[in-house]
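Protein chains in written order, with the numbering used here: chain X, 1 to 394; chain Y, 1 to 394.
Glycine included, every Cβ here is placed at the ideal spot set by N, Cα and C.
As the structure is a prediction and not an experimental result, all values here were calculated from the model.
Protein chains: 2
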Amino acid sequence: MEQPLAGIRVVDLTRILSGPFCSMILGDLGADVVKIETPGTGDHVRGQGAIIDGMSWYFASFNRNKRSMTLDLKRAEGKAVLRRLLAEADVLVENFRPGVLAAMGLDRAGLDAINPRLVVGSVNGYGSTGPYSERPAFDFITQAMSGFMAVNGTLESGPIRAAPPLTDLIAGLYTALGIVAALRVRDRDGAGQAVEASMMNGMISMLAYLSAAQLATGRTPPPNGNDHPIASPYGLFQASDGPVAVAASTAPILRRFLETTGLSAMLEDARFDTNAKRVERRAGVDAMIDDAMRHDTQDAWIARLNAAGVPCGRVQTLAEVFDDPQVKDQEMVLDVDHPGHGTVRMTGFPIKLSDTPCAVRHPAPDLGADTDTLLAEAGYSSAEIAELRDEGVI
Amino acid sequence: MEQPLAGIRVVDLTRILSGPFCSMILGDLGADVVKIETPGTGDHVRGQGAIIDGMSWYFASFNRNKRSMTLDLKRAEGKAVLRRLLAEADVLVENFRPGVLAAMGLDRAGLDAINPRLVVGSVNGYGSTGPYSERPAFDFITQAMSGFMAVNGTLESGPIRAAPPLTDLIAGLYTALGIVAALRVRDRDGAGQAVEASMMNGMISMLAYLSAAQLATGRTPPPNGNDHPIASPYGLFQASDGPVAVAASTAPILRRFLETTGLSAMLEDARFDTNAKRVERRAGVDAMIDDAMRHDTQDAWIARLNAAGVPCGRVQTLAEVFDDPQVKDQEMVLDVDHPGHGTVRMTGFPIKLSDTPCAVRHPAPDLGADTDTLLAEAGYSSAEIAELRDEGVI
Numbered sequence: 001m002e003q004p005l006a007g008i009r010v011v012d013l014t015r016i017l018s019g020p021f022c023s024m025i026l027g028d029l030g031a032d033v034v035k036i037e038t039p040g041t042g043d044h045v046r047g048q049g050a051i052i053d054g055m056s057w058y059f060a061s062f063n064r065n066k067r068s069m070t071l072d073l074k075r076a077e078g079k080a081v082l083r084r085l086l087a088e089a090d091v092l093v094e095n096f097r098p099g100v101l102a103a104m105g106l107d108r109a110g111l112d113a114i115n116p117r118l119v120v121g122s123v124n125g126y127g128s129t130g131p132y133s134e135r136p137a138f139d140f141i142t143q144a145m146s147g148f149m150a151v152n153g154t155l156e157s158g159p160i161r162a163a164p165p166l167t168d169l170i171a172g173l174y175t176a177l178g179i180v181a182a183l184r185v186r187d188r189d190g191a192g193q194a195v196e197a198s199m200m201n202g203m204i205s206m207l208a209y210l211s212a213a214q215l216a217t218g219r220t221p222p223p224n225g226n227d228h229p230i231a232s233p234y235g236l237f238q239a240s241d242g243p244v245a246v247a248a249s250t251a252p253i254l255r256r257f258l259e260t261t262g263l264s265a266m267l268e269d270a271r272f273d274t275n276a277k278r279v280e281r282r283a284g285v286d287a288m289i290d291d292a293m294r295h296d297t298q299d300a301w302i303a304r305l306n307a308a309g310v311p312c313g314r315v316q317t318l319a320e321v322f323d324d325p326q327v328k329d330q331e332m333v334l335d336v337d338h339p340g341h342g343t344v345r346m347t348g349f350p351i352k353l354s355d356t357p358c359a360v361r362h363p364a365p366d367l368g369a370d371t372d373t374l375l376a377e378a379g380y381s382s383a384e385i386a387e388l389r390d391e392g393v394i
Numbered sequence: 001m002e003q004p005l006a007g008i009r010v011v012d013l014t015r016i017l018s019g020p021f022c023s024m025i026l027g028d029l030g031a032d033v034v035k036i037e038t039p040g041t042g043d044h045v046r047g048q049g050a051i052i053d054g055m056s057w058y059f060a061s062f063n064r065n066k067r068s069m070t071l072d073l074k075r076a077e078g079k080a081v082l083r084r085l086l087a088e089a090d091v092l093v094e095n096f097r098p099g100v101l102a103a104m105g106l107d108r109a110g111l112d113a114i115n116p117r118l119v120v121g122s123v124n125g126y127g128s129t130g131p132y133s134e135r136p137a138f139d140f141i142t143q144a145m146s147g148f149m150a151v152n153g154t155l156e157s158g159p160i161r162a163a164p165p166l167t168d169l170i171a172g173l174y175t176a177l178g179i180v181a182a183l184r185v186r187d188r189d190g191a192g193q194a195v196e197a198s199m200m201n202g203m204i205s206m207l208a209y210l211s212a213a214q215l216a217t218g219r220t221p222p223p224n225g226n227d228h229p230i231a232s233p234y235g236l237f238q239a240s241d242g243p244v245a246v247a248a249s250t251a252p253i254l255r256r257f258l259e260t261t262g263l264s265a266m267l268e269d270a271r272f273d274t275n276a277k278r279v280e281r282r283a284g285v286d287a288m289i290d291d292a293m294r295h296d297t298q299d300a301w302i303a304r305l306n307a308a309g310v311p312c313g314r315v316q317t318l319a320e321v322f323d324d325p326q327v328k329d330q331e332m333v334l335d336v337d338h339p340g341h342g343t344v345r346m347t348g349f350p351i352k353l354s355d356t357p358c359a360v361r362h363p364a365p366d367l368g369a370d371t372d373t374l375l376a377e378a379g380y381s382s383a384e385i386a387e388l389r390d391e392g393v394i
């Protein structure tokens with residue numbers, strides 16, 4: 001059996017991160033992704049992060065399984081080439097600000113005229129309608145506006161941005177799902193449609209119990225760092241060589257945790273025999289656990305607690321993560337050969353399909369590496385390609 | 001045209017959050033989701049969070065578009081009913097610990113014998129193979145082990161868990177995408193397959209520039225709170241009535257930001273005329289901007305800076321988020337009528353499909369509300385249903 005998106009051609013106008021993450025997922029699932037880049041410069045991420053042997057590892061990590069074609073979309077000749085590519089494509093993905101595609105003549109009606117079967121996926125900041133639709137977006141800003149920052153941190157720290165650009169990635173992932181769903185409609189009913197996800201909406205959808213509490217009661221739990229708002233014991237506890245994260249969040253798990261740490265008496269102690277009392281006296285509870293756990297190492301506690309069915313683990317640095325035996329088992333670090341640029345290490349595939357797995361079919365392309373091939377596939381003659389190059393269109 | 005997953009029957013064995021989020025997404029896209037719950041108790045989330053008119057709003061928010069059937073899967077009779085349901089289903093979703101499904105006789109071979117077209121989606125903590133596969137997982141622990149916590153926070157705060165259970169939700173979302181992709185393979189090639197995503201792998205896939213930096217250089221940027229590690233100015237700046245988040249992360253945006261705040265001279269000042277110098281003298285840069293911005297309000301600056309194309313916004317509380325005109329335009333809060341339980345407010349659909357949109361076809365079900373209907377659909381007679389009820393199987 002072939003990969004899920006084998007035979008699907010994606011024309012990819014995205015840059016930076018949210019859109020390229022979306023189109024990479026489509027490529028990982030088997031699509032033929034054609035990344036359109038500005039002649040001369042290309043995606044800015046090509047110049048960002050650590051560059052080794054002429055390749056940005058950040059760019060390589062989010063642009064595998066794509067081919068690159070240069071095309072100046074500001075030129076009429078460039079737009080004409082794009083139209084010809086779209087006529088034969090299955091999917092268009094873009095992360096321009098809403099309105100930019102329409103200004104290129106590629107609004108819904110324009111695209112329908114070119115290819116009524118085309119699925120058009122858009123990743124944007126705030127959605128394509130509404131008072132903020134045309135605002136420029138950036139992960140930091142949508143983390144702030146979505147409510148995420150207000151609950152990330154502690155009372156002392158105040159609102160904190162998460163370092164990973166979560167809103168970009170979540171929006172890209174939702175858009176990828178929307179595109180695959182829209183392809184199912186098209187396969188069944190014959191017509192393409194537009195699908196979009198925004199950075200702000202995506203993050204809002206991930207607030208879970210916090211949004212439910214806010215909507216039900218008008219109150220949000222305050223930023224609470226590593227203490228669970230309504231469970232104790234829960235948090236980081238001190239083994240002899242460092243902290244262990246423990247989530248003893250149900251009654252049976254709590255009992256097993258206290259048995260394993262020799263603290264079962266806590267459940268008979270009138271000061272600590274309910275969760276409410278333990279939350280109120282959290283500092284005392286935590287001190288007793290720290291006292292019990294400081295007599296052995298992180299590794300020993302983690303082995304013992306896991307054997308007892310208590311969720312626990314180490315706060316791993318990224319160096320530890322990429323050296324972790326589970327991460328290796330799961331192939332979450334890939335060594336990908338990039339001809340001319342050495343071997344690039346990058347994170348692997350979070351979706352595991354038993355029979356048609358994700359795969360690196362080809363590494364991130366050099367800028368414009370596939371321009372000639374793609375134009376020839378689209379029916380351009382060698383003379384026409386040479387002319388486009390002479391005119392700086394490609 | 002019908003919704004993308006119209007006609008798809010999902011048998012849903014999931015509980016708590018990661019799995020129910022996955023199956024809710026499938027339901028939002030049109031699938032008929034049959035939630036199997038333990039007689040008497042059901043999903044524990046039914047008793048969690050704020051409960052109004054007998055309905056947990058947290059449960060309601062993650063179980064819309066599902067039907068509920070009680071079934072005791074520990075009893076042979078319960079397993080027999082499940083097999084009959086699976087024979088006619090398209091998808092099975094579960095978030096047990098790896099191995100639990102196999103122990104019920106539902107390993108890959110067992111499922112193939114029942115229904116070779118079945119797509120089996122699993123959400124788990126660490127993946128179904130490897131040294132940690134059988135460990136109990138919990139969002140806090142996978143945030144810690146994935147490397148996310150190590151980069152979330154500040155140097156002062158140390159590693160901080162994000163309050164939203166991100167690893168649950170990201171794993172559920174990846175699994176939903178994997179399932180829809182596997183359905184595409186099945187529609188084309190006729191065979192189902194197993195698909196899974198884990199909380200740890202999902203979070204690792206979202207470390208973006210941090211993982212690229214670690215893998216390329218062996219060094220991870222330290223937790224840096226709201227300061228961008230390599231850009232200045234960037235962060236929260238003080239207007240007269242509170243902070244404004246500003247991301248002036250490219251040269252043209254920086255120029256527009258400084259023009260709008262009357263600080264263009266900074267670019268001519270030998271102390272501040274490169275990004276490297278500004279990063280080094282961040283405190284001085286930030287003080288100059290705070291001085292300029294404290295003369296006007298958040299709203300005034302946000303309007304002015306957005307008009308100039310500078311990404312900026314307020315750090316919104318959840319109360320502000322759900323009252324935000326953009327959030328309303330995007331219908332990211334839904335009022336859903338739950339007969340007998342009043343109207344429940346919940347977050348909306350992050351995936352916007354133009355022609356076959358996500359919709360609330362029915363609210364979260366009462367425990368076992370659809371048991372009889374579903375058994376009758378599966379061919380059980382009234383007498384057989386009564387017997388199953390008498391024996392406590394349903």
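Residue-chain proximity (residue i, chain Y), Cβ-Cβ < 9 Å
i: Val-327 (chain X); result: yes
i: Arg-271 (chain X); result: no
i: Asp-112 (chain X); result: no
i: Ile-126 (chain X); result: Checking the sequence shown, residue 126 (chain X) turns out to be Tyr, not Ile. So yes, Tyr-126 (chain X) belongs to the interface.
i: Lys-277 (chain X); result: no
i: Asn-152 (chain X); result: yes
Contact under 9 Å by Cβ, residue i with residue j
i: Gly-105 (chain X); j: Ile-351 (chain Y); result: no
i: Thr-70 (chain Y); j: Gly-40 (chain Y); result: yes
i: Ser-264 (chain X); j: Leu-258 (chain X); result: yes
i: Met-199 (chain Y); j: Ala-150 (chain Y); result: no
i: Gly-30 (chain X); j: Gln-3 (chain X); result: yes
i: Pro-311 (chain Y); j: Phe-140 (chain X); result: yes
i: Gly-158 (chain Y); j: Gly-153 (chain X); result: no
i: Asn-63 (chain Y); j: Asp-28 (chain Y); result: no
i: Val-34 (chain Y); j: Arg-67 (chain Y); result: yes
i: Asp-90 (chain Y); j: Leu-111 (chain Y); result: no
i: Val-327 (chain X); j: Met-346 (chain X); result: no
i: Met-356 (chain X); j: Met-24 (chain X); result: Residue 356 (chain X) is actually Thr in this sequence, not Met. No, Cβ-Cβ distance for Thr-356 (chain X) and Met-24 (chain X) is not below 9 Å.
i: Ser-146 (chain Y); j: Leu-183 (chain Y); result: no
Burial state of residue i (16 or more Cβ within 10 Å)
i: Gly-262 (chain Y); result: exposed
i: Asp-12 (chain X); result: buried
i: His-228 (chain Y); result: buried
i: Ala-245 (chain X); result: buried
i: His-338 (chain X); result: buried
i: Gly-121 (chain X); result: buried
Proximity test, Cβ basis, 9 Å: residue i and chain X
i: Val-195 (chain Y); result: yes
i: Leu-318 (chain Y); result: yes
i: Gly-99 (chain Y); result: no
i: Ala-214 (chain Y); result: Note that residue 214 (chain Y) is Gln in the sequence shown here, rather than Ala. Interface residue, yes.
i: Val-246 (chain Y); result: yes
i: Trp-301 (chain Y); result: no
i: Met-293 (chain Y); result: no
Contact test: residue i Cβ vs the ligand ZN heavy atom, cutoff 8 Å
i: Asn-201 (chain Y); result: Because no ligand of any kind appears in the structure shown, any question about the ligand ZN cannot be addressed here.
Neighbourhood of residue i by C-beta, 7 Å cutoff - its chain only, sequence neighbours within 5 removed
i: Gln-214 (chain X); result: Thr-220
i: His-44 (chain Y); result: Arg-15, Ile-16
i: Ala-239 (chain Y); result: Met-293, Arg-294, Asp-296, Thr-297, Gln-298, Trp-301
i: Cys-358 (chain X); result: Asp-28, Leu-29, Phe-349, Ile-351
Spatial neighbours of residue i in its chain, beta-carbon cut-off 6 Å, leaving aside the 5 residues before and after
i: Asn-124 (chain Y); result: Pro-98, Ser-198
i: Gly-172 (chain X); result: Ser-18, Phe-21, Cys-22, Val-123
Spatial neighbours of residue i in its chain, beta-carbon cut-off 8 Å, leaving aside the 5 residues before and after
i: Asp-324 (chain X); result: Gln-316
(message) Extract the residue ranges of the alpha helix (DSSP H) inside the segment 242 to 294 of chain X, only unbroken runs of 4 or more that lie entirely within it.
(response) Qualifying alpha helix (DSSP H) stretches, in chain order: 251 to 260, 275 to 280, 282 to 293.
(message) In chain order, what are the residue ranges of uninterrupted alpha helix (DSSP H) at least 4 long that sit wholly in the segment 366 to 392 of chain Y?
(response) The qualifying runs are 371 to 377, 382 to 390.
(request) Report the residue ranges of all alpha helix (DSSP H) runs contained in full by the segment 300 to 331 of chain Y; include only those spanning at least 4 residues, in chain order. (result) 318 to 322, 325 to 329
(message) Give the list of continuous alpha helix (DSSP H) stretches no shorter than 4 residues that lie fully inside the segment 15 to 74 of chain Y.
(response) 18 to 28, 57 to 62
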